[in-house]
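Residue numbers (UniProt numbering): 1 to 288.
All C-beta atoms in this analysis are idealised placements derived from N, C-alpha and C, irrespective of residue type, glycine included.
Only one structure is covered here, and it is reproduced in the block below.
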């Protein structure tokens with residue numbers, strides 16, 4: 001019986017360390033630094049500042065294009081004397097009011113749009129009518145309707161913010177799959193609970209994009225409105241600061257005002273919106 005049973009011979013092979021697959025590999029210091037998003041963005045900003053400085057020195061005409069160093073010097077000087085903080089506060093107060101009203105109206109229109117077909121038709125009709133209109137083109141009418149005050153600027157700010165946020169929010173809600181909706185309904189979610197727990201988290205990437213676009217549009221409209229009607233409206237914001245210094249041929253101060261707008265944009269994008277994204281989209285697992 002034992003003669004009929006064949007045994008497989010034992011084969012022992014030595015595995016050299018060089019033949020083993022690499023499961024984990026340590027990265028160097030340069031690679032670890034490169035993976036930090038803040039460092040990459042800071043490097044890009046440094047390169048842009050260097051290009052600005054070199055071009056300004058090559059041009060050699062501070063009246064036409066001041067260097068980065070001259071712009072920073074003018075910026076710091078206007079910070080110390082309190083001009084830029086005062087003008088920035090005025091602009092931000094007007095901007096926040098218009099931005100907040102725009103968000104509220106966009107939320108109302110979007111709620112109507114997702115709640116009924118006539119609401120969706122209303123939103124699509126209004127956006128196709130008013131979204132192509134430049135906000136600054138409505139400022140003369142706003143001055144007639146609301147007078148020479150911040151109300152006219154707030155009106156055009158609401159117009160610039162409203163449609164971008166409403167369109168992105170509505171598109172985000174429409175992109176939510178029926179599977180997610182049915183899952184929520186199977187758990188007994190109806191009405192506002194379904195919107196709050198299912199629809200908003202699923203659509204929030206589009207909502208946040210709309211908020212970012214609306215914020216950018218609001219800044220453009222505000223600065224343009226203050227450049228044209230800043231003194232008549234009594235706003236005295238950053239746009240009017242830029243306009244005043246342009247008339248006085250203080251080009252460095254003009255660039256300092258633009259530099260302030262850039263810094264505010266970087267702060268809002270990389271601090272405020274990044275924090276919202278980290279606490280919502282990434283936390284909910286909606287970011288790929």
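Alpha carbons only, please: which of 202, 159 and 247 is nearest the one belonging to residue 95?
Position 95 of the chain shown, counting from 1, holds the residue named residue 95. Closest by alpha carbon: 159.
What separation, rounded to the nearest whole angstrom, lies between the Cα atoms of residue 31 and residue 169?
Counted from its first residue, the chain shown places residue 31 at position 31. Counted from its first residue, the chain shown places residue 169 at position 169. So the two alpha carbons sit approximately 38 Å from each other.
Within the segment 143-176, note down every full alpha helix (DSSP H) run reaching 4 residues or more, in order along the chain.
150-174
To test your reading of the DSSP string, which unbroken alpha helix (DSSP H) runs of 4 or more residues are found completely within the segment 83-135?
Those alpha helix (DSSP H) runs which fall completely within the segment 83-135 and span 4+ residues are 83-115 and 117-130.
When the distance is taken between beta carbons, is residue 166 closer than 7 Å to residue 214?
Working through the chain shown from its first residue, we reach residue 214 at position 214. Working through the chain shown from its first residue, we reach residue 166 at position 166. The answer is no: Cβ separation not under 7 Å.
Can you say whether residue 275 is buried or exposed, counting buried as having 16 or more other CB atoms within 10 angstroms of its CB?
What you label residue 275 is simply residue 275 of the chain shown in a count that begins at 1. Exposed is the call here.
Helix, strand or coil for residue 214 per DSSP?
Counting from one through the chain shown, the residue named residue 214 turns up at place 214. Looking at residue 214 - three-state DSSP - the assignment turns out to be helix.
If you measure between the beta carbons of residue 180 and residue 198, is that distance less than 7 Å?
Stepping through the chain shown from its first residue, residue 180 is reached at position 180. Stepping through the chain shown from its first residue, residue 198 is reached at position 198. Result yes, Cβ atoms of residue 180 and residue 198 sit closer than 7 Å.
Below 7 Å between beta carbons: does that hold for residue 210 and residue 238?
Locating residue 210 in the chain shown gives position 210, counting from the first residue. Locating residue 238 in the chain shown gives position 238, counting from the first residue. Not in contact: residue 210 and residue 238 (Cβ atoms no closer than 7 Å).
Taking the straight line between their C-alpha atoms, what separation do you get for residue 201 and residue 277?
Here residue 201 corresponds to residue number 201 of the chain shown, with the count starting at 1. Here residue 277 corresponds to residue number 277 of the chain shown, with the count starting at 1. So the alpha carbons of these two residues sit roughly 11 Å apart.
Reducing DSSP to helix, strand and coil, say where residue 66 ends up.
Here residue 66 refers to the residue found at position 66 when the chain shown is read from its first residue. Coil, per DSSP.
Assess contact between the segment 245-261 and the segment 57-72, defined as three or more Cβ pairs (one per stretch) separated by less than 8 Å. Is contact present?
yes
Starting from the C-beta of residue 75, find all residues in its chain whose C-beta is less than 6 Å away, skip the five residues before and the five after it, and write them out in chain order.
Here residue 75 is taken as the residue at index 75 of the chain shown, counted from 1. These residues qualify, in order along the chain: 256 and 259.
Name the two residues that bound the continuous alpha helix (DSSP H) containing residue 251.
For the purposes of this step, residue 251 is taken as residue 251 along the chain shown, with counting starting at 1. Note, residue 251: alpha helix (DSSP H), 251-267.
Compute the distance between the beta-carbons of residue 156 and residue 225, then report whether it is under 7 Å.
Working through the chain shown from its first residue, we reach residue 156 at position 156. Working through the chain shown from its first residue, we reach residue 225 at position 225. The answer is yes: Cβ separation under 7 Å.
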